[in-house]
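Residue numbering for the sequence shown follows our numbering, beginning at 1 and increasing consecutively.
Only one structure is covered here, and it is reproduced in the block below.
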Amino acid sequence: CGHICRDVNYGWLIRSMHANGASFFFICIYAHIGRGLYYGSYLYKETWNIGVVLLLLVMMTAFVGYVLPWGQMSFWGATVITNLLSAVPYVGGALVEWIWGGFSVDNATLTRFFAFHFLFPFVIAGATILHLLFLHENGSNNPAGINSDAEQISFHPYFSYKDLLGFAG
Numbered sequence: 001c002g003h004i005c006r007d008v009n010y011g012w013l014i015r016s017m018h019a020n021g022a023s024f025f026f027i028c029i030y031a032h033i034g035r036g037l038y039y040g041s042y043l044y045k046e047t048w049n050i051g052v053v054l055l056l057l058v059m060m061t062a063f064v065g066y067v068l069p070w071g072q073m074s075f076w077g078a079t080v081i082t083n084l085l086s087a088v089p090y091v092g093g094a095l096v097e098w099i100w101g102g103f104s105v106d107n108a109t110l111t112r113f114f115a116f117h118f119l120f121p122f123v124i125a126g127a128t129i130l131h132l133l134f135l136h137e138n139g140s141n142n143p144a145g146i147n148s149d150a151e152q153i154s155f156h157p158y159f160s161y162k163d164l165l166g167f168a169g
């Protein structure tokens, strides 16, 4: 944050929008989960499970982004949270050392977390496309209760192009 917030014109604004936008994104995700619970979307197992994976990926992206300012809170947050992985049987210690890039949280950890923070959104985009494909294959829940085939629109080309345009925007 140091260079961007101090030396780049309106860098403080860009960083604040990025951080607060992430918080707003989580609010939208929680509302989406609540809607899914209310309407019984969990009954579509593939769609729901991919959604859970998406939630975990977004949480990991937010966590590694939280570490990037590299202050005391970031350092100890990275230390504590990554040490939780040491509880994984057999491979936990090696997994933690791989994530750290050594035997403790250090500059190598920061470099890895920056790479993860850059790469995870691409994985999230792929999982989102998979989530939408399963959603449209199963059919989404219909709060209006209209179940007539005459009133349904085929997924392709109508919704696939709409989703593609929304993803590109």
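Glycine included, C-beta positions come from ideal geometry on N, C-alpha and C.
What did DSSP end up calling Tyr30 once you bin it into helix, strand or coil?
As a working note, residue 30 is residue 30 in the sequence shown. DSSP places Tyr30 in helix when its eight states are reduced to three.
Taking Phe116 as part of the alpha helix (DSSP H), name the residues at either end of that continuous run.
To locate residue 116, count along the sequence shown from 1; it is residue 116. Start and end: Asn107 to Asn138.
Length at least 4, wholly inside the stretch 73-112: the alpha helix (DSSP H) runs in chain order:
92-100
Excluding five sequence neighbours on each side, which residues of the same chain lie with their C-beta closer than 6 angstroms to the C-beta of Leu130?
As a first step, residue 130 is located in the sequence shown; it is residue number 130 there, counting from the start. These residues qualify, in order along the chain: Ile50.
Between the alpha carbons of Phe103 and Gly2, how many angstroms are there, rounded?
Here residue 103 is taken as the residue at index 103 of the sequence shown, counted from 1. Here residue 2 is taken as the residue at index 2 of the sequence shown, counted from 1. In a straight line, the C-alpha of Phe103 is about 26 angstroms away from that of Gly2.
Express the C-alpha separation of Ala62 and Phe122 in angstroms, rounding to a whole number.
What you label residue 122 is simply residue 122 of the sequence shown in a count that begins at 1. What you label residue 62 is simply residue 62 of the sequence shown in a count that begins at 1. If I take the Cα positions, the gap works out to 14 angstroms.
For Pro69, which of helix, strand or coil comes out of DSSP?
Here residue 69 refers to the residue found at position 69 when the sequence shown is read from its first residue. Residue state, collapsed to three classes: coil.
If I measure Cβ to Cβ from Phe167 and keep anything under 8 angstroms in the same chain, skipping five residues before and after, which residues do I get?
The residue given as residue 167 occupies position 167 in the sequence shown. Same-chain partners within the cutoff: Ala125, Thr128 and Ile129.
Is it buried or exposed, Ala87, if we count other Cβ atoms within 10 angstroms and call 16 or more buried?
Here residue 87 corresponds to residue number 87 of the sequence shown, with the count starting at 1. Exposed.
Nearest-angstrom Cα distance between Gly40 and Phe24?
Sequence index remark: in the sequence shown, residue 40 carries index 40 (1-based). Sequence index remark: in the sequence shown, residue 24 carries index 24 (1-based). Cα to Cα, Gly40 sits roughly 24 angstroms from Phe24.
From Thr82 to Arg6, what distance separates their C-alpha atoms?
Counting from one through the sequence shown, the residue named residue 82 turns up at place 82. Counting from one through the sequence shown, the residue named residue 6 turns up at place 6. If I take the Cα positions, the gap works out to 30 angstroms.
Is it buried or exposed, Tyr158, if we count other Cβ atoms within 10 angstroms and call 16 or more buried?
Locating residue 158 in the sequence shown gives position 158, counting from the first residue. Answer is exposed; the Cβ neighbour count stays below 16.
Relative to the alpha-carbon of Leu133, which residue among Ala22, Ala31 and Trp48 has its alpha-carbon at the smallest distance?
What you label residue 133 is simply residue 133 of the sequence shown in a count that begins at 1. Minimum Cα distance to Leu133 is reached at Trp48.
Limits of the unbroken alpha helix (DSSP H) element including Leu165
The sequence position of residue 165 within the sequence shown is 165, counting from 1. Its alpha helix (DSSP H) spans residues Ser160 to Ala168.
Following the continuous alpha helix (DSSP H) through Ile4, name the residue where it begins and the one where it ends.
Within the sequence shown, the letter at position 4 stands for residue 4. Start and end: Gly2 to Asp7.
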